[in-house]
Amino acid sequence: MKKVVLIFVLFISVNAFSQDIITKKNAEKIEAKVVEVGLDAVKYKKFSNQSGPTYVISKSDIHDILYENGTRDVFSSEEYSASAAPEYKENKDLLKTIAAKGKTVYIDAPDKSSVSHAVKKLKNLGYWKITDYKGDADFVLSFDIEYNWNATNGYAMFINPKTNEIFYKTEKTFADLSDDMNLKRGIIYKIINEEIVPLMIK
1300 MKKVVLIFVL FISVNAFSQD IITKKNAEKI EAKVVEVGLD AVKYKKFSNQ SGPTYVISKS
1360 DIHDILYENG TRDVFSSEEY SASAAPEYKE NKDLLKTIAA KGKTVYIDAP DKSSVSHAVK
1420 KLKNLGYWKI TDYKGDADFV LSFDIEYNWN ATNGYAMFIN PKTNEIFYKT EKTFADLSDD
1480 MNLKRGIIYK IINEEIVPLM IK
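The sequence shown begins at 1300 in our numbering and counts up one residue at a time.
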């Protein structure tokens, strides 16, 4: 009986340290199985659902990754703090002021191609000016996207760069290959068309 208990304890101990830990800059920790570390983003599966979808997170949002073998990759020298995480307090009045027509927006997304799709679409709409420098922006439009091989979902957040507060979140939107064979473009365009365009005050 003691032998069985010992084996069980050892199994639990090994299993507890067999995941990779992704620590974001806002101090959030993700228990994951890292699939790929690319130039701009990291692909991973949730440790609790490794047969589930593959998620993508921008390397610019990651402080470090602690791998199951004990090695660590550090992506940012900045100190992370829970207080750095944007707080959400809906304020639609700011949509009429700092996010009004003609204001300057900085686009944030999980990877460069998603940013490129968002920039192209928003430039065509011509409602806001777009900057590559966050310091020049009146507000930040940040896309939070989860990718799977044949479908994806996501939403957008309007952030006040002066206070780091989220003042508006769109509803979550879903897209699949029937919307666009390019899932990154499909979900970005769908969020903009269905959730952001209706907010634009003519």
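Positions of the beta carbon are idealized from the N, C-alpha and C atoms, including for glycine. Treat the numbers as computed from the prediction; the structure is a model and nothing was measured.
Taking ILE1490 as the centre and dropping the five residues before and after it, the same chain places the C-beta of PHE1442, GLY1453, TYR1454, ALA1455, THR1469 and THR1472 closer than 7 Å to its C-beta, in chain order. Comparing C-alpha distances from LEU1482 to each of ILE1406, ALA1331, HIS1416 and LYS1402 shows the shortest one belongs to HIS1416. Here PHE1346 is near GLU1330, since their CB atoms are less than 9 Å apart. In the three-state scheme derived from DSSP, where H, G and I count as helix and E and B as strand, ASP1437 is classed as coil.
Rounded to whole angstroms, the Cβ separation of THR1403 and ALA1450 is 33 Å, and the two are not in contact under 8 Å. If you draw a straight line from the Cα of GLY1401 to the Cα of GLU1494, it is about 19 Å long. Look at TYR1405 here: in three-state DSSP terms it is strand.
Between the alpha carbons of SER1359 and SER1477 lies a gap of roughly 31 Å. Looking at the backbone, the Cα of ALA1326 and that of ASN1423 are separated by about 36 Å. DSSP, reduced to helix, strand and coil, places LEU1476 outside both helices and strands of the structure shown, so it counts as coil. When the five nearest sequence neighbours on each side are left out, the beta carbons in the same chain lying within less than 7 Å of the beta carbon of GLU1389 are those of PHE1466 and TYR1467, in order along the chain.
When DSSP states are grouped into helix, strand and coil, PHE1346 belongs to the helix group. Per DSSP, VAL1496 lies in no alpha helix (DSSP H) and is assigned neither H nor E.
Assigned with DSSP and collapsed to three states, LYS1419 falls in helix. Setting aside the 5 residues that flank it on each side, TYR1354 is surrounded in the same chain by TYR1343 and GLU1445, each with a C-beta closer than 6 Å to its C-beta; the list follows chain order. With at least 16 other beta carbons inside 10 angstroms of its own, VAL1439 counts as buried. Going by DSSP, LYS1328 is part of the beta strand (DSSP E) stretching over 1328-1336.
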